[in-house]
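Working notes for the structure below.
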Amino acid sequence: MLKKCPICELNYIRGNETMCRTCAAERTRRYAAKSEDEIIMCSECGEKPALPGHDLCEDCLKEQKRQANLEILADKVRADEAEDPLEEDISETEDEED
Ligand SMILES: [Zn+2]
Ligand SMILES: [Zn+2]
Numbered sequence: 002m003l004k005k006c007p008i009c010e011l012n013y014i015r016g017n018e019t020m021c022r023t024c025a026a027e028r029t030r031r032y033a034a035k036s037e038d039e040i041i042m043c044s045e046c047g048e049k050p051a052l053p054g055h056d057l058c059e060d061c062l063k064e065q066k067r068q069a070n071l072e073i074l075a076d077k078v079r080a081d082e083a084e085d086p087l088e089e090d091i092s093e094t095e096d097e098e099d
């Protein structure tokens with residue numbers, strides 16, 4: 002018993018099949034391509050899918066941004082500290098010599 006493939010309506014399939022071999026192959030190929038494109042696991046935790054265009058999942062991206070902000074803050078603090086101690090060192094040296 003043969004019927005036409007409901008997807009391409011070109012090839013005939015057996016009664017217990019849902020699509021012809023051509024359509025089945027095409028669907029498998031598309032599904033594989035789709036899952037390769039869209040489901041990339043996070044390179045940081047490897048437990049969650051990465052966001053499109055990123056290597057990291059949402060949580061790890063947030064963490065990375067947080068760390069980046071902390072480093073910028075730390076750099077500012079270091080820059081501020083680097084200016085002050087110089088003056089203190091000079092005054093301390095003067096006191097010790099006296
Ligand atoms: Zn078909
Ligand atoms: Zn992650």
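Going by the numbering used here, the sequence shown opens with residue 2, and the numbers climb by one from there.
Yeah, the Cβ is synthetic: ideal placement off N, Cα and C, and Gly gets one too.
For residue i, the three-state DSSP class (helix, strand or coil)
{"i": "Ile1", "result": "Residue 1 falls outside the range modelled here, since the chain spans only 2 to 99, and no answer is possible."}
{"i": "Lys63", "result": "helix"}
Integer-rounded CB distance, given that residue j should sit under 8 Å from residue i
{"i": "Met2", "j": "Arg22", "result": "Between Arg22 and Met2 the Cβ distance is about 17 Å, and since that is not below 8 Å, they are no contact."}
{"i": "Leu57", "j": "Glu48", "result": "Contact doesn't hold; Cβ gap of about 11 Å is too wide."}
Whole-angstrom distance between residue j and residue i, CA atom to CA atom
{"i": "Thr19", "j": "Ile8", "result": "9 Å"}
{"i": "Arg30", "j": "Ile40", "result": "15 Å"}
{"i": "Glu84", "j": "Asp76", "result": "13 Å"}
{"i": "Asp81", "j": "Tyr32", "result": "55 Å"}
{"i": "Glu72", "j": "Arg79", "result": "10 Å"}
{"i": "Ala34", "j": "Ala69", "result": "34 Å"}
Buried/exposed call for residue i, threshold 16 Cβ in 10 Å
{"i": "Ala26", "result": "exposed"}
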